[in-house]
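Numbering (full-length UniProt numbering), first residue to last: 1 to 198. In what follows, a structure is listed as structure tokens, so that the remarks can point back to it.
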């Protein structure tokens with residue numbers, strides 16, 4: 001399932017697998033998520049002013065696992081059967097739990113994600129994040145926090161990027177605008193959130 005057909009030069013803590021889903025299965029899941037999910041466009045505060053985020057998103061997780069970032073707190077939706085099945089495959093492969101899923105819908109190349117690290121306290125010290133890409137290929141960029149090291153990767157339809165180890169401590173990542181991209185892309189980032197009783 002997770003045999004890599006290409007070996008892009010990525011920094012430690014980033015592993016890329018181009019074809020974890022067949023083209024047909026990835027397309028079917030993309031079309032399902034487009035219509036089945038209650039996509040939202042929340043606002044974030046930047047320099048004292050509120051702006052809608054440049055993409056749509058949904059948050060799915062086990063009951064009670066709220067997730068906070070950029071001064072937003074997300075309340076989870078329940079797992080649908082297709083997402084529960086994908087979660088089970090990932091948990092079986094990595095032998096570790098994933099109890100939360102953040103979905104981002106980039107409607108075209110104007111939608112984007114700025115530089116950030118997934119280093120919120122509730123993700124733990126060395127989080128493992130499995131990121132599935134569906135739809136139009138998009139450019140993914142990585143930069144070191146403390147020097148000029150930069151990397152670039154094209155995230156293909158049906159691929160999986162795994163971020164692990166010290167990736168969130170040493171690097172930031174982004175999905176920049178690509179105005180020539182007309183198609184949409186849905187990104188599923190499976191993660192483990194430390195619950196209030198842990």
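Glycine residues also receive a C-beta, built at the ideal position from the N, C-alpha and C atoms. Given the structure is predicted, the values throughout are model-derived calculations rather than measurements.
Rounded straight-line distance, which links the Cα of residue j to that of residue i
i	j	result
residue 114	residue 173	8 Å
residue 45	residue 69	11 Å
residue 191	residue 102	8 Å
residue 176	residue 138	8 Å
residue 165	residue 18	20 Å
residue 58	residue 78	11 Å
residue 205	residue 159	Nothing can be reported for residue 205: it is not among the residues displayed for the chain, which extend from 1 to 198.
residue 193	residue 86	17 Å
residue 170	residue 129	15 Å
residue 196	residue 73	15 Å
residue 88	residue 188	14 Å
residue 32	residue 24	12 Å
DSSP beta-bridge partners of residue i
i	result
residue 163	14, 129
residue 61	100
residue 75	The partner list for residue 75 (beta bridge, DSSP) is empty, contrary to what the question assumes.
residue 52	43
residue 147	Answer is none; residue 147 lacks a bridge partner.
residue 174	141
residue 187	104, 133
residue 152	141
residue 67	74
Cβ neighbours of residue i in the same chain (closer than 8 Å, five flanking residues each side left out)
i	result
residue 55	41, 104, 105, 106, 107, 111, 112, 113
residue 91	97, 98
residue 100	59, 60, 61, 62, 65, 67, 76, 190, 191, 192, 193
residue 140	152, 153, 154, 155, 161, 173, 174, 175
residue 124	192, 194
residue 182	108, 109, 136
residue 9	151
Residue i classed as buried or exposed, judged by whether at least 16 other C-beta atoms fall within 10 angstroms
i	result
residue 84	exposed
residue 22	exposed
residue 121	exposed
residue 146	exposed
residue 179	exposed
residue 167	buried
residue 26	buried
residue 38	exposed
residue 47	exposed
Residues near residue i in its chain [Cβ-Cβ closer than 6 Å; skip 5 each side]
i	result
residue 185	106, 135, 136, 138
Neighbourhood of residue i by C-beta, 7 Å cutoff - its chain only, sequence neighbours within 5 removed
i	result
residue 51	43, 44
residue 144	170, 171
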